[in-house]
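Colleague:
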Amino acid sequence: MHALAGGLGGLAGAAFSGDGFRYPPALHVALPPQHFPSADARDRFYTARADETRAYFDPDIRGQRSVCGAGEFGCEQVISAMEAARDGELAQLEALRTAAVID
0 MHALAGGLGG LAGAAFSGDG FRYPPALHVA LPPQHFPSAD ARDRFYTARA
50 DETRAYFDPD IRGQRSVCGA GEFGCEQVIS AMEAARDGEL AQLEALRTAA
100 VID
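Per numbering that gives the first Met the number 0, the very first residue in the sequence shown carries number 0; after that it's consecutive.
Have a look at this one:
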């Protein structure tokens, strides 16, 4: 929209407003319940979220491993960063699970 205004100012406005980016058509966010009726219900919820996290990260990690040769420093750094991102998400889920209120 800003780019249609023309000129350098219009292009700058487009760049800063995000007009130049493509965004996914939908965003899905899993909000944890404030209370769980039982520890089993809590654990089922967070186990499912952890499984989703692994399903998101692990195929890319496996793919990266398959194209890397043994001992390639750059590849090892990329894989470590991907694993750290996955493990960070899993740690956040565990912290939420631990703090969840059971009625």
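Ideal Cβ positions, reconstructed from N, Cα and C, are used throughout, including at glycine.
In this text, all values refer to a predicted model and were calculated from it rather than measured experimentally.
Are there 16 or more other CB atoms within 10 angstroms of the CB of R43, so buried, or fewer, so exposed?
Modeller: Counting Cβ neighbours within 10 Å, R43 comes out exposed, since fewer than 16 surround it.
Colleague: Alpha helix (DSSP H) containing E88: first to last residue?
Modeller: From DSSP, the alpha helix (DSSP H) with E88 extends over 72-98.
Colleague: Under 8 angstroms by Cβ, that's how I've got T46 and E88 pegged, so tell me the actual separation to the nearest angstrom.
Modeller: Between E88 and T46 the Cβ distance is about 14 angstroms, and since that is not below 8 angstroms, they are no contact.
Colleague: Could you check the C-alpha separation between P36 and A94 for me, to the nearest Å?
Modeller: Rounded to the nearest angstrom, the two C-alpha atoms are 19 angstroms apart.
Colleague: Could you tell me if L92 is buried or exposed, where buried requires 16 or more neighbouring beta carbons within 10 angstroms of its beta carbon?
Modeller: Buried, since its Cβ has 16 or more Cβ neighbours within 10 Å.
Colleague: Skipping 5 residues on each side, what residues in its chain have a beta carbon closer than 6 angstroms to that of C67?
Modeller: Taken in chain order, the residues that qualify are C74.
Colleague: Under a Cβ-count criterion, where at least 16 other Cβ atoms within 10 Å of its own Cβ denotes burial, should R41 be classed as buried or exposed?
Modeller: R41 should be labelled buried.
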